[in-house]
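J.: Sharing a structure with you now.
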Amino acid sequence: MNLFRLVADLMHLVSIFILLLKMQKTRSVAGRCSRISFKTQALYATVFLTRYTDLFANFQSLYNTTMKVFFIASSLYIVFLMKFKFKATNDPRLDTFKAQYVVGGAAALALIVNYAFTVQEVLWTFSIYLEAVAILPQLFMLTKTGEAEVITTHYLFALGTYRGLYLVNWIYRYWTEYYVDWIVWIAGAVQTGLYCDFFYIYFTKVLKGAKFELP
Amino acid sequence: QDPHAKKDEL
Numbered sequence: 005m006n007l008f009r010l011v012a013d014l015m016h017l018v019s020i021f022i023l024l025l026k027m028q029k030t031r032s033v034a035g036r037c038s039r040i041s042f043k044t045q046a047l048y049a050t051v052f053l054t055r056y057t058d059l060f061a062n063f064q065s066l067y068n069t070t071m072k073v074f075f076i077a078s079s080l081y082i083v084f085l086m087k088f089k090f091k092a093t094n095d096p097r098l099d100t101f102k103a104q105y106v107v108g109g110a111a112a113l114a115l116i117v118n119y120a121f122t123v124q125e126v127l128w129t130f131s132i133y134l135e136a137v138a139i140l141p142q143l144f145m146l147t148k149t150g151e152a153e154v155i156t157t158h159y160l161f162a163l164g165t166y167r168g169l170y171l172v173n174w175i176y177r178y179w180t181e182y183y184v185d186w187i188v189w190i191a192g193a194v195q196t197g198l199y200c201d202f203f204y205i206y207f208t209k210v211l212k213g214a215k216f217e218l219p
Numbered sequence: 035q036d037p038h039a040k041k042d043e044l
């Protein structure tokens, strides 16, 4: 564990808490579109469920296990809230990204490009590829509405920072322990790249107090 | 060697 990875994981936690906070806030203005993509959240739940199949078999540390349990539990809880509790505030007409294509694409690629052709390893690889593109429905929704609430932009910023710090962590680990993981690196680079446009607008507008609006 | 055994990142 290094500082980059620790802060990255903490930013990931922060992003989930921001999302839960936003959903609590949304409840008080029921009927209004929450502007959170259900598809993205469902994809994240799928990512965690397929990645942590080693939850009971592969013990790394208490930290590792606790985080895995938290990510699985919180992602399922968020999906549950959006699907049942706050169903009225979720507008599927804005959530139109074709998620089945990225699921299919990630599954096909995981079957072809993996480290070992075993059920667990292919599921893990699938989760890596799927996580790389899981934010697309959310970003697509943002493009469609052309604007976002401040709290939604903070959520995306926390997620993007978490990904960016993982890139730094890999460079650090390569030099300090000769750690190499091409599948994770390339998928991670693609994932971080997806946030570039968002980061630009976040820094030039939201942090200066302006509304998040697409040009 | 099981490639999964050494995976320590989340």
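Line by line, the protein sequences are chains A and B. This note's numbering numbers the first residue of the first sequence as 5 and each following residue consecutively. This note's numbering numbers the first residue of the second sequence as 35 and each following residue consecutively. C-beta: ideal position from N, C-alpha, C; glycine also.
Could you check whether V106 (chain A) and L140 (chain A) sit closer than 8 Å to each other, using their CB atoms as the reference points?
T.: Counting from one through the first sequence, the residue named residue 140 (chain A) turns up at place 136. Counting from one through the first sequence, the residue named residue 106 (chain A) turns up at place 102. Yes, they are a contact pair.
J.: Which residues in the same chain as V33 (chain A) place their Cβ atom closer than 7 Å to its Cβ, once the five residues preceding and following it in sequence are excluded?
T.: The residue labelled residue 33 (chain A) in the question sits at position 29 within the first sequence. Legend: pLDDT at V33 (chain A) = 41, less than 50; position of this residue unreliable, value from coordinates given subsequently. Result list for V33 (chain A): empty, nothing under 7 Å.
J.: Find the nearest neighbour of T93 (chain A) within the set A:S41, A:L47 and A:L143, judged by alpha-carbon distance.
T.: Against the first sequence, residue 93 (chain A) aligns to sequence position 89. Of the listed residues, the one whose Cα sits closest to T93 (chain A) is A:S41.
J.: Run through chain B and tell me which residues come within less than 9 Å of Q64 (chain A), C-beta to C-beta.
T.: Here residue 64 (chain A) refers to the residue found at position 60 of the first sequence. Going along chain B in sequence order, the residues near Q64 (chain A) (Cβ under 9 Å) are K41 and D42.
J.: Is E151 (chain A) helix, strand or coil when you go by DSSP?
T.: Along the first sequence, read from residue 1 onward, the residue named residue 151 (chain A) stands at position 147. Strand.
J.: Mind checking if N94 (chain A) is an interface residue toward chain B, Cβ cutoff 8 Å exclusive?
T.: What you label residue 94 (chain A) is simply residue 90 of the first sequence in a count that begins at 1. No, N94 (chain A) lies away from the interface with chain B (no Cβ there is under 8 Å from its Cβ).
J.: Based on the DSSP secondary-structure assignment, which residues constitute the bridge partners of E43 (chain B)?
T.: Working through the second sequence from its first residue, we reach residue 43 (chain B) at position 9. Per DSSP, none; premise fails for E43 (chain B).
J.: In the stretch 117-149 of chain A, which residue ranges form an unbroken alpha helix (DSSP H) of at least 4 residues, counting only runs that do not cross its ends?
T.: Whole alpha helix (DSSP H) segments, 4+ residues: 123-137 and 140-149.
J.: Name, in chain order, the residues that DSSP records as bridge partners for E181 (chain A).
T.: Stepping through the first sequence from its first residue, residue 181 (chain A) is reached at position 177. None, per the DSSP bridge assignment.
J.: Under the rule that 16 or more other beta-carbon atoms within 10 Å means buried, what is L146 (chain A), buried or exposed?
T.: Here residue 146 (chain A) is taken as the residue at index 142 of the first sequence, counted from 1. The residue in question, L146 (chain A), is buried, as its Cβ has 16 or more Cβ neighbours within 10 Å.
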